[in-house]
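Colleague: Residue numbers (this note's numbering), protein chains in the order written: chain U, 2 to 228; chain D, 2 to 228.
Here a beta-carbon is modelled for each residue, glycine too, at the ideal position from N, C-alpha and C.
Here it is, the structure in full.
There are 2 protein chains.
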Amino acid sequence: MAVLARVPYFQGLSPAELDRIDRRMATTSWPAGTHIFHAGSAAGHLYVVAEGRVKLSQVSATGTETLADILVAGELFGGMGTLGQSAHRHTASALVPTCTLQIDQPTFRELLAEHPGVALRVLDDVAERLARAQDDVGGQVTDTVAQRVATALLRLADKLGNDRGGRGILLEVPLSRSDLAGLARSTPESVSRVMSQWRRDGVIDSGRRWTAILDLSRLEREALGAG
Amino acid sequence: MAVLARVPYFQGLSPAELDRIDRRMATTSWPAGTHIFHAGSAAGHLYVVAEGRVKLSQVSATGTETLADILVAGELFGGMGTLGQSAHRHTASALVPTCTLQIDQPTFRELLAEHPGVALRVLDDVAERLARAQDDVGGQVTDTVAQRVATALLRLADKLGNDRGGRGILLEVPLSRSDLAGLARSTPESVSRVMSQWRRDGVIDSGRRWTAILDLSRLEREALGAG
DNA sequence: CGTAAACTTGAAATATTTCAACAAGCGTGG
DNA sequence: CCACGCTTGTTGAAATATTTCAAGTTTACG
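Here it is in C-alpha cells:
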C-alpha cells in the first residue's frame, strides 16, 4: 500500500481511494532471475513494477530471446495489450529482487472507469510510449550500428544510470553484448567493435556486469550522426 | 454528427450523449493535398478521421519527409501525444478530400473523464498501436528489404485494399517508390528492385497511382522469410 | 508533343554480418 | 586458494546485402 502510493498512476488519490484500489491488487515478490511470465502465455493480468528491475525480452519465431527493455519502479507492463490483447508478446523476468503489483484485466478496467484521473494518466503513459516507439522505428534502419548502440545506451543511462559526478554515469546492470545487440538490433560482434572503439577513445568503459558512460556529450553526438 | 456515430470510439453511446459530444467537436473539410498540421507545430488539438485518407509523414532532421502511415476513417491522430505532448511529431496532410473531427486537448480530457467507456476504447486503440509499433521495431533491422516491403504492402492492403476477388487486392493510393521506401525504411531504388522482381514473378502489379497484390499468400511468405 | 518527374536498371562503394579463431573473466570444485 | 573449463567478449577476414551514384526509360501533364 505504501508501494501503491508511489506508483505515478495513483498519485493524487485520497488514502481512502488508495485503500480501495489496494484491496483489488495483489503484491508479489520475485527473487532475482525469476520469470514473471512467458511470451505467448495468456495475459490475464496487468503488472506495475513496485520495486526492482524487470527485464522484458522479445522471443523470436526461432526461439531466440532479445532484450526489449528494462523497466523500473512505476512502469506498467504485462499486457498493455491486456487492454484487449489476449497473449503476452514479451517474456518478463526479474533482473534483481523485484516486487510487483498485479491486477486482473476486468478489475483494472473497472478501476479505470471509476477513476477517470487514473485512466488519463495511464493513457498519457501509453501514448508517450507509443511516441517513443514510433521514434525508434524512425531511426532504426537509417542509422548506423554505432548510432543505434549509442541511442540504446543513452536510453538505459537515462532510466537506470547512477550519476557519479565527474566520473561519468554508471549502469550497474549485467548487460551482455547480446543484450545490447538486441536493443540496438544488431549482432554481438558489431556491438563489440563499436564499444571497443569507444573504450579506446575514452567514451565509455565496461566490465562484465557494468557499463560506464564517461563522455556523455560525445555519446549524444554519436547517437545523432557520426560525431 | 452522423459522422460521429460512425467513429468506433463513440460506439454504443446514446444519441443524447453523442449530441453533447458533437457540440464540443469541430468538423473540418480538407481538399486533397492540404496540410492539416506540420511536424513541430503546437499540438493543441486531437483529430479523428471522419472521411477520406490522411497521410502522416515523419520529417527527419535534414528535412526529408518520409511516409509513416496512412489513416482511414475512425483513426485518431494529431497528438496521441496530445495526451501530454506539446508538439506534433508528424506532418499530416489529406491524401484525398477528407473530413476530420477535432477537439482541443482540455475538452478531450474532460470528455474522457465523463465517458469512461470512451476512455477505455481510446486506451485500447492506443495500446494496440503501441503493440504494433513494438512489433515493427522488432523486425526492422533483422529483416531484409524484401521482407520489410512485403510487410508494408500487407499492412496497407489490410487497411485500404479493395479485394477484387480472384484478381487480387487493389490499393488505389498514389504510392510512390519513395513513399514505400519510407514505410520499409529503405531507398526508392531498393524498393524498385524488389517490386520489379515481384512483378516478373506475378506477385504484384503496379502503375503510378495504384498497386495490386495478385498473390497474397506469396507476399505473406515473403514477409516472413525469403519465401 | 515536349518536358519534368518518377521509375528502372547497372555497377561500384560501403556497412554490416557471418564465420572463425583466440583471449579473458568468472565460478566451481578440488 | 588456485586451476580448470565454460561462457562471454574480442578481433580479423571473407561474404553479403544494401546503398549510392549514374545513366537511360517511361509516364503523366501542361
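In the DSSP assignment, find the unbroken alpha helix (DSSP H) run with serine 42 (chain U) in it and report its ends.
Modeller: Note, serine 42 (chain U): premise wrong, no alpha helix (DSSP H); not H, not E.
Colleague: Using a Cβ-Cβ cut-off of less than 7 Å, list which residues of the region 47-79 of chain U approach chain D; keep chain order.
Modeller: Gln59
Colleague: Rounded to a whole number of angstroms, what is the C-alpha to C-alpha distance between histidine 89 (chain D) and alanine 40 (chain D)?
Modeller: 5 Å
Colleague: Could you check if glutamine 148 (chain U) is buried or exposed, using at least 16 other CB atoms within 10 Å of its CB as the buried criterion?
Modeller: buried
Colleague: So if I threshold CB-CB distances at 7 Å, which residues from the region 89-117 of chain U count as touching chain D?
Modeller: Arg90, Arg110, Leu113, Ala114, Pro117
Colleague: Taking arginine 222 (chain D) as the query, report the chain U residues whose CB atoms sit under 7 Å from its CB, ordered along the chain.
Modeller: Near arginine 222 (chain D) there are no residues of chain U at all, since even the closest Cβ is about 13 Å away, more than 7 Å.
Colleague: Check the Cβ-Cβ distances between glutamine 135 (chain D) and every residue of chain U, and say whether any is below 8 Å.
Modeller: yes
Colleague: Between the C-alpha atoms of glycine 166 (chain D) and alanine 182 (chain D), what's the straight-line distance to the nearest angstrom?
Modeller: 28 Å
Colleague: Is the region 158-174 of chain U touching the region 195-211 of chain U, taking contact as three or more C-beta pairs under 8 Å?
Modeller: yes
Colleague: Chain U beta carbons: is any one of them nearer than 8 Å to that of valine 195 (chain D)?
Modeller: no
Colleague: Apply the 10 Å Cβ neighbour rule to valine 8 (chain D) and answer buried if 16 or more other Cβ atoms are within range, or exposed otherwise.
Modeller: Under this definition valine 8 (chain D) is a buried residue.
Colleague: In this structure, how does DSSP classify glutamine 148 (chain U) when only helix, strand and coil are distinguished?
Modeller: Helix at glutamine 148 (chain U).
Colleague: If you draw a straight line from the alpha carbon of serine 191 (chain D) to that of alanine 134 (chain D), how long is it in whole angstroms?
Modeller: 23 Å
Colleague: Using 8 Å as the threshold, is the C-beta distance between isoleucine 214 (chain D) and alanine 158 (chain D) below it?
Modeller: yes
Colleague: With a cut-off of 8 Å, do at least 3 Cβ pairs link the region 109-118 of chain D to the region 66-82 of chain D?
Modeller: no
Colleague: Using the C-alpha atoms, what's the distance from arginine 186 (chain U) back to serine 193 (chain U)?
Modeller: 13 Å
Colleague: Could one say the Cβ of glutamine 209 (chain U) lies closer than 8 Å to chain D's Cβ atoms, at least one of them?
Modeller: The amino acid occupying residue 209 (chain U) in the given sequence is arginine; glutamine does not appear at that position. Not closer than 8 Å to any Cβ of chain D, the Cβ of arginine 209 (chain U) fails to qualify, so no.
Colleague: State yes or no: is the C-beta of leucine 176 (chain D) within less than 8 Å of the C-beta of threonine 145 (chain D)?
Modeller: no
Colleague: How long is the line joining the alpha carbons of aspartate 136 (chain U) and glutamate 18 (chain D), rounded to whole angstroms?
Modeller: 36 Å
Colleague: Give the residues of chain U in contact with leucine 124 (chain D), contact being defined as C-beta atoms less than 8 Å apart.
Modeller: Per Cβ cutoff of 8 Å: Leu84, Leu113, Ala120, Val123, Leu124, Val127.
Colleague: Give the straight-line distance between the Cα atoms of proline 32 (chain D) and alanine 95 (chain D), rounded to the nearest whole angstrom.
Modeller: 7 Å
Colleague: On the criterion of 16 or more Cβ atoms from any shown chain inside 10 Å, does glutamate 223 (chain U) qualify as buried, or is it exposed?
Modeller: Taking all protein chains in view, the Cβ of glutamate 223 (chain U) is crowded by 16 or more other Cβ atoms within 10 Å, so the residue is classified as buried.
Colleague: What does valine 138 (chain U) touch in chain D if you count any residue whose Cβ is under 7 Å from its own?
Modeller: Ala134, Asp137, Val138, Gln141
Colleague: For alanine 151 (chain D), which residues from the same chain have a beta carbon less than 7 Å from its beta carbon, with the 5 sequence-adjacent residues on both sides left out?
Modeller: Excluding positions up to five away in sequence, the list reads Leu220, Glu223, Ala224.
Colleague: Check serine 61 (chain D) in the structure and name its three-state DSSP category.
Modeller: DSSP, reduced to helix, strand and coil, places serine 61 (chain D) outside both helices and strands of the structure shown, so it counts as coil.
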